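Worksheet: the structure to be examined is printed underneath.
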Amino acid sequence: MKRLCVALCLTTVLALLLATSASAARPNPTKMKLPTSFSHIGAPVHSFTTASGHVVHYVDQGKKSWRTLVLVGGAGTGVQAFELTEFTRALRNKLNIRVVCVERNGFGMTEFEPADADGEIIPHDAGDAALDLGDPVKTREMYGQNVLEVLDHLGINKFSVLGISGGGPYTGEIARQAGARLRSVHFAVAVNQSAPGLVYPDPTFLAAMRSYIINPMVWWDMTGTTADMIPGWQERAYEEASWSAFVRGQDADP
4 MKRLCVALCL TTVLALLLAT SASAARPNPT KMKLPTSFSH IGAPVHSFTT ASGHVVHYVD
64 QGKKSWRTLV LVGGAGTGVQ AFELTEFTRA LRNKLNIRVV CVERNGFGMT EFEPADADGE
124 IIPHDAGDAA LDLGDPVKTR EMYGQNVLEV LDHLGINKFS VLGISGGGPY TGEIARQAGA
184 RLRSVHFAVA VNQSAPGLVY PDPTFLAAMR SYIINPMVWW DMTGTTADMI PGWQERAYEE
244 ASWSAFVRGQ DADP
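In terms of my numbering, the sequence shown is residues 4 to 257.
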């Protein structure tokens, strides 16, 4: 008796499905209202030349009237790190939040042009010996200046800043320079700067980072973490790793 009831139920469901598919009209292309714009597949990357002549790249997403949030990605990330936050796109748009993300020195499309001990820019084609004279503190200060110049270029006065992981020291520098322009600052699992007295560059640190520089996918492997809950996030992270390390054709040999 149970088998008979199950068979009757399945037959009824199949009959309904067939009836629905038979009666469903095929879409008529001649009567369709075509879209007037393209669907979003990613944020365009813009370039801007700073007062020092350094060309930086940035993303600007959201309406001009919305509140601005400056996003500083984690260590080793380029401007495409913004895309890794786009799983919140619908919520961000509801909250009317405009995001600006400025790429750091030497990542992605942005040439490595550090600042020397006097705060002067060292051109990317000056040679390895000259580039080795880059001062990490002055270079971080230069990044803060770059961000404020981009915001000035976009006509943005007040803003908030969010720093993730290795973006912590840069976030602190932006906040220091911004002063009263800053609405709020948030450090998301952020690290602080190196302790005073450490040698730069630290040979032990560079040796540990070598495998990540050669293969950034190792650095960006987040499998087994909460990132697995976001469909496609891990694959997008690998794409960001390729952008950050190889988009200008680096040979990935530190």
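Yeah, the Cβ is synthetic: ideal placement off N, Cα and C, and Gly gets one too.
Since the model is a prediction, treat every value here as computed from it, not as a measurement.
Query: Looking at the unbroken beta strand (DSSP E) that takes in H60, where does it start and where does it end?; Result: V58 to Q64
Query: Would you call the stretch 67–80 and the stretch 228–238 touching, i.e. three or more CB-CB distances under 8 Å?; Result: no
Query: Just checking, does the stretch 94–107 make contact with the stretch 142–156 on the three C-beta pairs under 8 Å criterion?; Result: yes
Query: Report yes if the C-beta distance between V194 and G166 is below 7 Å; otherwise report no.; Result: no
Query: Can you tell me which of W236, G252, R70 and T207 puts its alpha carbon nearest to the alpha carbon of R184?; Result: R70
Query: Which value, in whole angstroms, describes the spacing of the CA atoms of T39 and P32?; Result: 15 Å
Query: Where do the N-terminal and C-terminal ends of the beta strand (DSSP E) with L165 fall, by residue?; Result: F162 to I167
Query: If you draw a straight line from the alpha carbon of W246 to that of G111, how long is it in whole angstroms?; Result: 5 Å
Query: For S187, tell me which candidate among L72, D138, A84 and I216 has the shortest Cα-Cα distance.; Result: L72
Query: So for A240, helix, strand or coil by DSSP?; Result: helix
Query: Taking 7 Å as the cut-off, decide whether the C-beta atoms of M220 and A244 are in contact.; Result: yes
Query: In angstroms with no decimal places, state the Cα-to-Cα distance between A46 and R92.; Result: 11 Å
Query: Which same chain residues, not among the five before or five after G56, have their C-beta less than 7 Å away from its C-beta?; Result: I124
Query: When the distance is taken between beta carbons, is V48 closer than 7 Å to V102?; Result: no
Query: By the DSSP assignment, the beta strand (DSSP E) with L154 in it spans what residues?; Result: It is not in any beta strand (DSSP E) - L154 instead sits in the alpha helix (DSSP H) that spans P139 to H156.
Query: Consider the Cβ of K67: report whether some Cβ of chain D lies at a distance smaller than 7 Å.; Result: No chain D is part of this structure, which consists of one protein chain only.
Query: Cα-Cα, which of R179, N99 and D138 is closest to F115?; Result: D138
Query: Using only CA atoms, which one of R213, H60 and F41 lies nearest to V250?; Result: H60
Query: L94 lies in the alpha helix (DSSP H); which residues open and close that run?; Result: R92 to K97
Query: Report the partner residues of V73 according to the DSSP bridge assignment.; Result: V103 and V164
Query: Taking C-alpha atoms, which residue in E152, R29, A28 and L136 lies nearest to D121?; Result: L136
Query: My output table needs one value for V188: the three-state DSSP class, helix, strand or coil.; Result: strand
Query: Classify I216 as helix, strand or coil using the three-state DSSP reduction.; Result: helix
Query: In angstroms with no decimal places, state the Cα-to-Cα distance between I44 and I159.; Result: 25 Å
Query: So is G171 buried or exposed if we call it buried at 16+ other beta carbons inside 10 Å?; Result: buried
Query: Quick test of your reading: W236 and L87, contact by CB under 8 Å. State the CB separation rounded to the nearest angstrom.; Result: 7 Å
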